[in-house]
Every structure is written in C-alpha cells, then in structure tokens.
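Peer 1:
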Amino acid sequence: MSGSYLLELERWQVKNDGTDAENSTLGINRALNWAGKQGFTRFILPKGIYLIDETRPVEPQSYMALDLGGSTLRMRDNGLSSYAVVSFRRNQQFARLTNGRIEGDRFTHDYSSGGTHEFGVGVQLQYGGQQLSIDNLEIFNMTGDGLIAITSFGGIGGVGMPPLAGNLESGGINLIDGTLMNEADRIRTKVMLPIVDALKNSGFFGLYGDSYGGIGTEVTTDLYDVIFYKEDESLLTAKTDIHFFDEVPLPQDAAFAKVVLHQSIVPSASGCRLIVRTPQFPKHVSIEKCHIHDCRRLGITMAGAKYVSIRECDIHDISGTAPQGAIDIEDGYAINQYIYIDNNSIYANKNYNIIAVAGRHISVTNNRLQDGIFTINSGVNEAIVDNNYFNNTGPRLEGATLFSNNVLLNSRMRLLGAGNVLIDHCFFHNTPLNFNNTKAFVAQVAHCKFLFDDDFITATVNPGSPLIFSAEPQKLSDCQFEGGGTEAFTTVPVGAHDWLLNNVSFLHIRHMSNRITRLPAGTYNSCTFVDCGRLGEVANPTQTDYTFTGCHFEWGGYSLFYMGPQDKVSSFKVKGCQFQCDGTGQAFFLKGNWGRLEVTDNHFNYTTASNDTMIQLWSTLAADSVLLSRNTFIAVNSHPVVNAADSPSVPLIFEDNTLIHAEVKLNDLHEKRNNRFDGAYDPYNVLETEPSTGFFKVGQVIKNASPQPGEYFGWVCVTEGFATTISWQPLHQFVVNARVYANGNVYQCTKAGTTSSIAPSQKQGTVTDGTVTWEWLGAHAVFARFGSIEEK
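Count the sequence shown with the numbering used here and you get residues 0 to 791, in order.
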C-alpha cells in the first residue's frame with residue numbers, strides 16, 4: 000500500500016486540543032507504527048495542538064513522511080533536565096518530518112531541581128538514522144536545542160578487544176602477503192585485533208578519539224592502514240590511507256586485523272588515545288526551511304553526524320544557557336563531516352551564530368549572519384565559508400578554512416592559531432583585520448578591500464586599530480585598505496618579522512592626530528602608500544629586515560618614513576620605488592640604530608618648493624653602512640636631497656645619482672662619485688685650484704675647471720686624507736674651524752688663540768697648542784698634478 004493516512008483521533012485516543020499528553024503521545028506513536036506496517040508513505044495530523052508526554056517522544060517511522068498538517072506539538076510542562084518532542088532514535092531511514100510547529104515549555108518549565116536543564120530538545124536525531132528530512136517547521140521555546148543530531152560512542156569494551164595504547168611497535172606490514180616488515184616511517188599493532196561480534200553486527204569499525212575527540216599528544220598522523228586476515232591468519236585484504244573517525248567496512252570472512260599508523264614514533268601508553276569503535280550516527284540529513292527561535296541553548300547542534308544539509312532556515316533569539324548560539328558543530332568531533340550550511344538567516348543570538356569546534360568538510364555558503372561570534376576552531380579541517388553576509392559579527396578562523404567572496408560590515412576578523420586560512424575576494428566595511436597566528440605563513444589574505452569611514456571613527460565602542468599584525472609572519476596580496484579610525488591604523492607587536500606584502504594599497508589612512516603607522520619587518524613588493532601619514536618601524540632585539548621593492552609613495556605636509564629604532568634594524572632596503580611629495584616633509588627622517596641602509600634605483604619627485612631635505616640622516620643616527628645609489632631626485636628649487644653633514648661617523652656612499660634642481664649636504668668623510676647635478680657630472684670634483692677642503696681617497700681625481708695650455712688637466716689624490724692648503728705657523732692667530740696641516744696631519748681649531756713655537760704631531764683627540772685647541776681630523780691628503788696640456 001502507498002498513499003496518505005489522516006490520523007483518526009478517536010480510534011487512537013488522541014486529543015488535538017492541547018490535553019491528555021500520555022494518551023495522545025501513545026496514540027500517535029501506535030498509529031505511526033500501524034501506518035508504517037500498512038505501507039502508508041505519508042501520515043497526516045488533523046490541525047490542532049497536541050500535548051506531548053515528556054517521557055515519551057513522538058517517533059516517526061522509516062519510509063514515511065510525518066506531516067503535522069499545520070499542527071503544534073507542544074511539550075507538556077515538566078521539570079526534567081532532558082526530553083525530546085520528536086525523536087529519530089531507532090535507526091529510521093527515509094523518514095520525513097514536515098509542516099507544523101514544535102513548541103517547548105521553556106517559560107513554564109520547572110527548573111527547581113538544579114542544573115542547567117539544557118537538554119530539552121525539539122527534534123532529536125540519534126544514532127544510526129539515514130536519509131532523514133526535517134523541513135517547514137517552526138521549533139521554539141525549548142529548554143535546550145531546537146534540533147540535535149548526536150552520535151553514540153560505540154566502544155568495544157569487555158569483549159576481548161586489545162587497546163591500541165601500549166600495543167604499538169615500530170614497523171609496517173607487507174600489503175602483498177600480510178607479513179611484518181621493517182619500515183622506519185610506520186608503526187603497527189603488536190597483536191591481532193579480533194573481529195568480534197560487536198564489529199560484525201555493525202558491519203564496520205574505525206579508529207576514533209576519546210569522548211572529547213582527542214587522539215593523543217604523541218599521535219602525529221591522521222592516516223592509517225588496516226590489514227585483514229582470515230581465520231588461519233593468512234592475508235585477506237587491506238585498506239590503506241584511512242583517516243581517523245572514518246568507517247572501515249568489514250570484508251566478508253575477516254577474522255582478525257592489524258593496524259599500521261603512518262608515523263615513525265611509537266607513542267607511549269599515555270600519549271595514545273585512539274580507540275577501536277563502532278559509533279552510530281545520523282547520515283544524509285536535510286534540515287530545510289525551518290524557523291528555529293527562542294530556545295535556551297542552541298538552534299541546531301551537530302554532535303556527530305555526516306552529510307547534513309541545513310538550508311533556508313531562520314534561526315534567531317537563542318539565549319538562556321551556554322553556549323547560546325544558532326548552529327554548533329562540536330561533540331562527536333571529527334565524526335562531524337560534510338556539513339552544508341546554506342542560505343540561512345541567522346541573527347539576534349546571544350553569543351554565537353555558528354560554532355564549528357571540530358569536523359571535516361564543513362561548508363558555510365550564502366548565509367546572512369548578524370550579531371554574535373562566528374568561529375572555525377582548530378579542530379576543523381577543510382572548511383569553506385563563501386558568499387556570506389556578516390553584520391556586527393566576530394569571525395574567528397583557526398582551523399583550515401577557505402574564506403571567500405564574503406561581505407563583512409561592522410565586524411572584526413580574527414585569524415588565530417596554526418591552521419591554514421585563505422581569505423580571498425572579500426569586502427570588509429568598518430571591519431578590522433586581526434592576525435594572531437602562532438605559526439608562520441599559515442594565513443593569506445588576497446584580493447580583498449577594506450574600507451573604513453566616519454561611522455568607524457564615531458563608533459560607540461572603540462574598535463581599535465584597523466589592521467593588527469601578529470609576530471609570526473603571514474602574507475597579504477592584492478588588497479586595498481582605505482580610511483582609518485580613532486587609533487593608529489596598525490598595531491605591530493615587538494618580534495614581528497618576515498611579513499610578505501605584495502601589491503597592497505594603503506590609501507588615505509593618515510591618522511587625524513598624526514599617529515605613526517607602524518609597519519612590521521618584512522618584504523613589501525609593488526605596494527602603494529598614498530596619504531598614509533608617518534610610517535614607522537618596529538625593531539626586534541634580534542633580527543629586523545625591511546625591503547621595499549617597486550612601491551609607490553605619495554604624501555605632503557609631514558615626514559613620510561619617521562624612524563628611530565632603539566634596537567638595531569639589521570637591514571633597510573628601498574629599491575625601484577616612486578616617491579612623490581606634493582608639499583613639505585622629508586621622505587626619510589632617520590635616527591636611531593641601523594645596520595645596512597640601502598636606497599637604490601628610486602625616483603623622488605617634489606612638485607612644490609620646499610626646504611625640507613628628502614633624506615635626513617639625523618646626527619644621532621648610527622649605521623653600519625649607508626648606500627644611496629642610482630636614484631633620481633627632482634625638485635623645483637635648490638632642494639637638499641641628502642643631509643648627513645652631522646653624521647661623519649656613518650659610512651655613506653652617494654653614487655650614480657641624478658639630481659635636478661637639487662643639492663646634497665654630506666660630511667667630508669662621506670664618499671660621493673659619478674653623480675649628475677643638472678646635467679653636470681660630479682661638479683664638486685671640478686675646481687679652479689688644488690682641493691683645499693674635503694676628504695679624499697687615493698686615486699680620486701679632481702678636474703681643473705679652467706684648463707689652459709701649459710697647465711694640467713687636474714689633480715689626483717696620492718695620499719688619503721683631509722685636504723687643506725693652510726700650513727701650521729708658529730706664534731700665529733687662528734680662528735675657530737680653521738684647518739691646518741702639520742707633520743702629515745690635519746687639525747681643526749676648536750678654540751681660537753695663538754699657537755706655540757712647536758707644531759702639533761698628535762694623531763688622536765685634541766691637543767693644546769699655545770692658547771689654541773686643535774682637534775685631530777686625520778692624515779693630510781696629498782695631490783699630484785696630472786695630464787700636462789701642451790702649448791699650441
């Protein structure tokens with residue numbers, strides 16, 4: 000027989016006026032059982048209110064749809080800590096529950112016995128049900144959850160099954176003949192595992208974690224092989240590359256098995272929590288078009304289920320007892336697999352909207368999530384979160400997740416832990432990004448836009464910095480950040496290192512009070528900084544390296560890189576970048592402690608008249624070396640390009656640069672060569688007479704500015720040192736800053752006066768000479784003329 004059966008109220012002694020819970024529940028279940036045996040495929044309730052016995056849930060039948068006919072199944076007021084209005088607990092298959100309301104006793108429940116009373120549920124999917132459909136229901140006012148899917152533990156205790164803990168040894172098993180073999184990267188069970196009746200009755204088994212999902216701290220793999228043997232212990236067959244928490248079907252004639260784990264270290268008994276189990280759990284479940292609200296604990300709980308679809312549901316106003324969220328994927332742990340959450344509206348829940356504590360292959364797509372926390376915890380592997388709308392939520396990603404094509408408004412994105420996370424093609428509006436990863440390069444953010452407007456600045460609760468970096472480096476690429484807030488745009492912890500930013504744009508993020516935007520140490524390729532305010536470093540006590548390659552900078556009215564590290568920055572390299580200043584302010588204002596500073600192959604363009612030095616090396620700067628090479632500096636007036644005049648101890652090379660309407664201010668000890676000033680090469684090396692000031696190295700050439708026949712082409716330095724043409728004289732008056740040479744040395748006057756009759760010869764520090772005080776500068780440079788010009 001097929002077709003529909005309309006419940007006959009009098010025949011089955013059922014009331015639909017909200018009375019007589021015992022007889023009504025008993026009658027419905029008897030009628031369902033009878034209709035199933037008669038072959039009916041649809042069971043319909045006459046519309047009304049059916050009061051349900053708290054000790055006896057309604058139990059749909061296999062191969063049948065229970066159509067509530069628009070009726071309400073209401074839980075009778077009670078004081079039990081747990082109950083179910085409807086329960087699929089007898090391994091039902093191809094069963095459906097649809098078209099009605101399921102109401103709990105939340106507001107009239109007796110909580111006086113103590114405890115949380117958090118397990119009163121609307122619909123219970125328990126143990127081994129398959130092909131179950133729950134749709135078009137309103138489920139509300141439960142003391143616990145609207146719906147729960149839950150696994151059994153399925154332990155094999157007391158039937159002769161050896162534990163794995165303490166029963167493992169090094170080596171593998173030959174998959175051809177089943178014999179033991181030496182394999183350095185495998186461990187195996189020491190004895191045969193018997194295929195006991197509990198396994199035969201289930202038809203499968205697997206290796207699972209303990210009741211909290213733990214597999215043991217010394218179990219480092221997720222894969223294993225099972226080798227099956229016949230009664231005579233000869234090889235039957237083998238199954239390879241199995242994941243923990245997956246089912247292994249039992250082959251016919253299997254009498255024993257051995258297990259091989261894909262790891263080299265044998266765990267101790269306390270370090271292995273793996274258990275042979277045969278858990279029973281719901282599979283192939285559809286929850287669709289349900290309205291779940293005002294339950295105390297959760298809207299939907301996945302506590303051990305596989306292949307579950309939750310679609311087009313409204314879940315809201317879940318509050319009363321922890322965790323107070325819409326959907327929780329938790330107990331049962333990695334048994335939770337292939338959970339699809341699609342096109343739902345989730346809002347106004349006390350704490351969480353979706354919690355995924357553990358599981359594999361979890362998909363969250365096309366949902367509208369408002370308020371509360373969204374979390375993918377570290378126990379989750381292979382989660383997809385795509386094309387959702389988040390408003391005023393707190394996404395937290397710690398497990399392996401692809402987070403793509405989502406829109407986030409007034410939220411905060413947190414990246415945690417060591418799971419691999421890719422955030423791709425998302426739009427963040429007034430939503431900060433907080434990296435707090437504990438492992439390097441596990442988080443990538445790509446092709447995303449971050450916009451912060453006035454609402455972010457005036458938010459009632461200070462949202463903090465828009466971009467927070469972790470110490471462990473991650474990767475940002477092809478992203479755009481625009482706008483800002485009340486705090487500095489970035490927060491960078493001490494110890495941040497080796498970050499990688501590719502083609503990232505920071506636009507108009509300048510702080511209203513000119514707070515510095517700190518950048519983590521790392522590599523910046525093809526990044527854009529426009530109106531970003533002052534940029535600063537965060538140096539580490541150990542190694543700090545910055546590299547900017549092919550970047551673009553636009554600013555005006557402030558110093559761009561404003562940096563003065565106390566801890567040494569090991570290297571700071573700027574190569575192939577564009578600098579455009581539309582106003583005043585240095586490109587670099589540097590002091591503090593540095594290793595190697597390199598500014599090479601860049602283009603600096605100052606579009607308005609300014610007296611600010613493009614690269615200012617402050618007198619307190621200390622560096623191992625400074626290289627300014629192959630740069631182009633363009634200004635509209637006689638603009639100072641580099642000012643390092645007060646940093647004589649800094650080894651600085653200024654070479655192969657092109658300057659237009661610009662000049663340099665360097666110390667005599669700094670090297671400058673092969674530079675072009677307004678079309679003229681090295682004009683400071685073209686003089687009318689032998690050099691009388693500056694520092695020169697052997698081989699350095701000075702050209703004669705006015706060569707004439709009979710004279711020389713120029714001068715070449717043959718002894719390294721300081722140039723001066725003034726010789727020391729006895730009993731002679733000298734003024735401050737006067738330079739003289741004596742005994743092959745050069746001295747500079749620091750206190751005016753009259754010399755004695757004996758010339759100074761000291762080669763360090765200061766020396767008193769009569770009433771004059773001299774400071775020793777170094778050796779006296781000696782020049783030789785070269786290139787005789789013949790008379791015509």
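Every residue, glycine too, gets a C-beta built ideally from N, C-alpha and C.
Quick one: grab the DSSP three-state call for E481.
Peer 2: If you number the sequence shown from 1, residue 481 lands on position 482. Note: E481 maps to strand in three-state DSSP.
Peer 1: Report the three-state DSSP secondary structure of K474 (helix, strand or coil).
Peer 2: On the sequence shown, residue 474 is found 475 positions in, with the first residue counted as 1. Three-state result, K474: strand.
Peer 1: Please report how far the alpha carbon of Q279 lies from the alpha carbon of F152, in whole angstroms.
Peer 2: Sequence index remark: in the sequence shown, residue 279 carries index 280 (1-based). Sequence index remark: in the sequence shown, residue 152 carries index 153 (1-based). Going from the Cα of Q279 to the Cα of F152 covers about 7 Å.
Peer 1: Please report the distance separating the alpha-carbon of E287 from that of L407.
Peer 2: Taking the first residue of the sequence shown as 1, we reach residue 287 at position 288. Taking the first residue of the sequence shown as 1, we reach residue 407 at position 408. Spanning the two alpha carbons is a distance of roughly 25 Å.
Peer 1: Just mark T300 as buried or exposed, buried being the case when its beta carbon has 16 or more other beta carbons within 10 Å.
Peer 2: Your numbering for residue 300 matches position 301 in the sequence shown. T300 comes out buried.
Peer 1: Could you pull the DSSP bridge partners for D544 from this structure?
Peer 2: Working through the sequence shown from its first residue, we reach residue 544 at position 545. The partner list for D544 (beta bridge, DSSP) reads S570.
Peer 1: Between the Cα of A347 and those of D313, D109, V363, spot the shortest distance and give me the residue it belongs to.
Peer 2: Translated into positions along the sequence shown, residue 347 becomes position 348. Of D313, D109, V363, the residue nearest in Cα terms is D313.
Peer 1: Could you compute how far the alpha carbon of A399 sits from the alpha carbon of K474?
Peer 2: In the sequence shown, counting from the first residue as 1, residue 399 sits at position 400. In the sequence shown, counting from the first residue as 1, residue 474 sits at position 475. Using only the alpha carbons, I get a separation of about 16 Å.
Peer 1: In the DSSP assignment, what are the bridge partners of F587?
Peer 2: Within the sequence shown, residue 587 is the residue found at index 588, counting from 1. F560, I614.
Peer 1: Near G720, which residues of its chain fall below 6 Å by C-beta distance, leaving aside the five closest residues on each side in sequence?
Peer 2: Residue mapping note: residue 720 aligns to position 721 of the sequence shown, counting from 1. Correct list, in chain order: G777, A778, H779, A780.
Peer 1: Compute the Euclidean distance between the alpha carbons of N630 and T437, then round it to the nearest angstrom.
Peer 2: Within the sequence shown, numbered from 1, the residue matching residue 630 stands at position 631. Within the sequence shown, numbered from 1, the residue matching residue 437 stands at position 438. N630 and T437: Cα-Cα distance of roughly 39 Å.
Peer 1: Tell me whether T24 sits in a helix, a strand or coil according to DSSP, three-state version.
Peer 2: What you label residue 24 is simply residue 25 of the sequence shown in a count that begins at 1. Here T24 sits in helix by DSSP.
Peer 1: May I have the straight-line CA-CA distance separating L273 from T178, to the nearest angstrom?
Peer 2: Looking up residue 273 in the sequence shown gives position 274. Looking up residue 178 in the sequence shown gives position 179. About 24 Å.
Peer 1: Using the Cα positions of G463 and Q262, report the straight-line distance between them to the nearest angstrom.
Peer 2: By 1-based counting over the sequence shown, the position of residue 463 is 464. By 1-based counting over the sequence shown, the position of residue 262 is 263. Distance between the alpha carbons of G463 and Q262 is about 44 Å.
Peer 1: Whole angstroms are fine: how far does the CA of D497 sit from the CA of L481?
Peer 2: In the sequence shown, counting from the first residue as 1, residue 481 sits at position 482. In the sequence shown, counting from the first residue as 1, residue 497 sits at position 498. Correcting the residue identity first, residue 481 is Glu in this sequence and not Leu. Each residue's Cα considered, the two are about 24 Å apart.
Peer 1: Quick one, which of I43, F227, I51 has its alpha-carbon nearest L25's?
Peer 2: Walking along the sequence shown from the start, residue 25 turns up at place 26. Checked all of I43, F227, I51; the closest Cα to L25 is I51.
Peer 1: Taking the alpha-carbon positions, what's the L249 to N342 distance?
Peer 2: Along the sequence shown, one-based indexing puts residue 249 at 250. Along the sequence shown, one-based indexing puts residue 342 at 343. Answer to the nearest angstrom: the Cα atoms are 38 Å apart.
Peer 1: Between the beta-carbon of L668 and the beta-carbon of F695, is there less than 7 Å?
Peer 2: Numbered from 1 along the sequence shown, position 669 holds the residue referred to as residue 668. Numbered from 1 along the sequence shown, position 696 holds the residue referred to as residue 695. No, these two residues do not count as a Cβ contact at 7 Å.
Peer 1: Would A183 be called buried (16 or more neighbouring beta carbons within 10 Å of its own) or exposed?
Peer 2: Position 184 of the sequence shown, counted from the start, is the residue given in the question as residue 183. Exposed is the call here.
Peer 1: Please report the distance separating the alpha-carbon of T619 from that of N642.
Peer 2: Locating residue 619 in the sequence shown gives position 620, counting from the first residue. Locating residue 642 in the sequence shown gives position 643, counting from the first residue. Whole-angstrom Cα-Cα distance: 13 Å.
Peer 1: Taking the alpha helix (DSSP H) that S201 falls in, what are its first and last residues?
Peer 2: In the sequence shown, residue 201 corresponds to position 202, counting from 1. S201 -> alpha helix (DSSP H) spans 196-201.
Peer 1: Could you tell me which residues DSSP pairs with L506 in its beta bridges?
Peer 2: In the sequence shown, residue 506 corresponds to position 507, counting from 1. E481, V529.
Peer 1: Between I264 and K305, what straight-line distance do the alpha-carbon atoms span, to the nearest angstrom?
Peer 2: To locate residue 264, count along the sequence shown from 1; it is residue 265. To locate residue 305, count along the sequence shown from 1; it is residue 306. Taking the straight line joining both Cα atoms gives about 31 Å.
Peer 1: Along the beta strand (DSSP E) that carries I51, what are the first and last residues, could you check?
Peer 2: Numbered from its first residue, the sequence shown carries residue 51 at position 52. Start and end: 48-51.
Peer 1: Verify whether the separation of the beta carbon atoms of G594 and K574 is less than 7 Å.
Peer 2: By 1-based counting over the sequence shown, the position of residue 594 is 595. By 1-based counting over the sequence shown, the position of residue 574 is 575. Not closer than 7 Å, so no.
Peer 1: Is the CB-CB distance between L167 and I186 below 7 Å?
Peer 2: As a first step, residue 167 must be located in the sequence shown, where it is residue number 168. As a first step, residue 186 must be located in the sequence shown, where it is residue number 187. Cβ atoms of L167 and I186: closer than 7 Å.
Peer 1: By the three-class DSSP mapping on this structure, what secondary structure does R296 have?
Peer 2: In the sequence shown, residue 296 corresponds to position 297, counting from 1. Note: R296 maps to coil in three-state DSSP.
Peer 1: Among I652, S648, A679, P647, which one has its Cα closest to the Cα of L658?
Peer 2: By one-based count along the sequence shown, residue 658 stands at place 659. The shortest C-alpha separation from L658 is found at A679.
Peer 1: Which two residues bound the contiguous beta strand (DSSP E) that contains D645?
Peer 2: Reading the sequence shown from its first residue, position 646 is the one you call residue 645. From DSSP, D645 is part of no beta strand (DSSP E); its letter is neither H nor E.
Peer 1: When you compare the CB positions of G205 and V247, do they come within less than 7 Å of one another, or not?
Peer 2: Along the sequence shown, read from residue 1 onward, the residue named residue 205 stands at position 206. Along the sequence shown, read from residue 1 onward, the residue named residue 247 stands at position 248. A contact, by the Cβ cut-off of 7 Å.
Peer 1: Does DSSP put L792 in a helix, in a strand, or in coil?
Peer 2: Residue numbering for the chain in the displayed model covers 0 to 791; residue 792 lies beyond these limits and cannot be assessed.
Peer 1: Counting C-beta neighbours from all protein chains within 10 Å, is the total for K282 16 or more, i.e. buried, or is it exposed?
Peer 2: Taking the first residue of the sequence shown as position 1, residue 282 is located at position 283. It is buried - the Cβ of K282 has at least 16 other Cβ atoms within 10 Å.
Peer 1: Do the segment 362-377 and the segment 422-430 touch if we need at least three Cβ pairs shorter than 8 Å?
Peer 2: No: the two stretches stay apart, fewer than three of their Cβ pairs being nearer than 8 Å.
Peer 1: On the premise that L499 lies in contact with G522, defined as a C-beta separation below 8 Å, what is that separation, rounded to the nearest angstrom?
Peer 2: Numbered from 1 along the sequence shown, position 523 holds the residue referred to as residue 522. Numbered from 1 along the sequence shown, position 500 holds the residue referred to as residue 499. Note that residue 522 corresponds to Thr in the displayed sequence, not to Gly. Contact flag correct, Cβ pair sits at about 5 Å.
Peer 1: Do N352 and G371 count as a contact pair if the criterion is CB distance below 7 Å?
Peer 2: By 1-based counting over the sequence shown, the position of residue 371 is 372. By 1-based counting over the sequence shown, the position of residue 352 is 353. Closer than 7 Å, so yes.
Peer 1: Quick check for students: name the residue ranges of the beta strand (DSSP E) that lie wholly in the segment 339-387, counting only runs of 3 or more.
Peer 2: Qualifying beta strand (DSSP E) stretches, in chain order: 344-346, 351-364, 367-369, 372-385.
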